[in-house]
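J.: The structure follows.
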Amino acid sequence: MNPSHARILLTGARGMLAADVADALRAAAATDMVLTDRDDLDILDADAVAIAVAGRDLVINCAAFTAVDAAEDEEDVAYAVNAIGPRNLARAAAAAGARMVHISTDYVFAGDATEPYAEDAPMNPVGAYGRTKAAGEAAVRESGADALILRTAYLYGRGGPCFPKTIAKAGRERGALSVVDDQIGQPTWTRDVADFMLRLLAADAPAGTYHATSAGQCSWYDFAKEVVASAGLRDIVSPTDSSGSARKAPRPAWSVLGHTAHEALGIEGIGDWRERWAVAAQEVLA
Ligand SMILES: NC(=O)c1ccc[n+]([C@@H]2O[C@H](COP(=O)([O-])OP(=O)(O)OC[C@H]3O[C@@H](n4cnc5c(N)ncnc54)[C@H](OP(=O)(O)O)[C@@H]3O)[C@@H](O)[C@H]2O)c1
């Protein structure tokens, strides 16, 4: 699919990832783009969704309930946004014959693996957010829509609050930072997810699940060290473990995602997390 010829609906358009998806689409000469967020199109409203999707060739769902800890107390609200909303969009996309891109997360896995999760590994979330996102994936698959499900993780970008911004700010304000070194993942730039999405669309990748994360792996501590260096701070980060964490939701400890599905199609993935951070840092920390 060539975005420059597609009639596109982007939901959750005020979110962090959506900002870069919209930019990537503009850079790809997309002109017929409808950008919506909760005020214009609440994805829980099935009738409004059907009207918005009719006549569109491509529906990209970046809307989500992303407050991982709050989801533990408000699982029904998170379920509505992360499962019912995607189901509405996917059913409408199927009815309209539109392609759909739905964004999911490494939190659909428990994070107790010892080798990268394959795209078709069974989902086994440990927290409420992950359960609702897994239900969203299932609803999209069951809808019959021609859907690409992109799981991403450890996202950062200029368009929203994210780990590097928090670390750089805290590093400037405090003399020392302790960051957990027992959670391992793949820090991933929103712009890279957007570009990867466009490569999948350009290649007419078959419907299915793809992992939109950087290559390699690291702990939050490793990532924080890179961030403070990029922020021009001296090395003020020390490692700690998450046993004393007061956070409500459990986090997957080892959520490294494998990249077999797109590699088998010859579609270029996202590069190494450290190299990509080096490219992203100035823009994200600006
Ligand atoms: N951030 C991460 O580290 C991360 C990691 C892995 C996967 N993901 C996934 O990546 C995707 C994008 O994440 P993000 O961090 O860019 O999210 P985000 O910044 O929280 O943006 C989500 C957007 O969805 C909107 N929204 C919420 N409920 C809605 C509704 N009922 N109807 C329409 N729009 C609604 C939100 O509006 P309000 O602000 O008004 O609620 C917000 O603008 C999500 O699917 C998320 O699960 C994120």
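Each residue of the sequence shown is one higher than the one before, starting from 1 at the first, in the numbering used here.
C-beta: ideal position from N, C-alpha, C; glycine also.
Using only the alpha-carbon positions, how far apart do ASP23 and ARG174 sit?
T.: 34 Å
J.: DSSP on HIS211, reduced to helix/strand/coil?
T.: strand
J.: Measuring only from the beta carbon, is ILE184 closer than 7 Å to any heavy atom that is part of ligand 3?
T.: The ligand content of the structure shown is limited to ligand 1, which means ligand 3 is not among them.
J.: Candidates ARG234, MET33, MET16: which alpha carbon is nearest ALA6's?
T.: MET33
J.: Is ASP39 helix, strand or coil by DSSP?
T.: coil
J.: I'd like to check one pair, THR11 with THR31: are the Cβ atoms closer than 8 Å?
T.: Contact flag unset, no.
J.: On the CB-based measure, 16 or more other CB atoms within 10 Å of its CB, does ILE8 come out buried or exposed?
T.: buried
J.: How would you call ALA54, buried or exposed, if buried means at least 16 neighbouring beta carbons within 10 angstroms?
T.: exposed
J.: According to DSSP, which residues form a beta bridge with ASP146?
T.: ARG99
J.: Decide if GLY244 is buried, meaning its Cβ has at least 16 other Cβ atoms within 10 Å, or exposed.
T.: exposed
J.: What are the start and end residues of the alpha helix (DSSP H) that includes LEU285?
T.: 273 to 285
J.: Tell me the rounded alpha-carbon separation between ILE267 and ALA203.
T.: Roughly 8 Å between the two C-alpha positions.
J.: Counting pairs of Cβ atoms below 8 Å between the region 122 to 129 and the region 105 to 113, do you hit three or more?
T.: Yes: at least three Cβ pairs fall under 8 Å.
J.: Cβ of ILE167 within 8 Å of Cβ of LEU177?
T.: yes
J.: GLN282: buried (16+ other C-beta within 10 angstroms of its C-beta) or exposed?
T.: exposed
J.: Rounded to a whole number of angstroms, what is the C-alpha to C-alpha distance between ARG247 and ASN2?
T.: Computed Cα separation, rounded: 43 Å.
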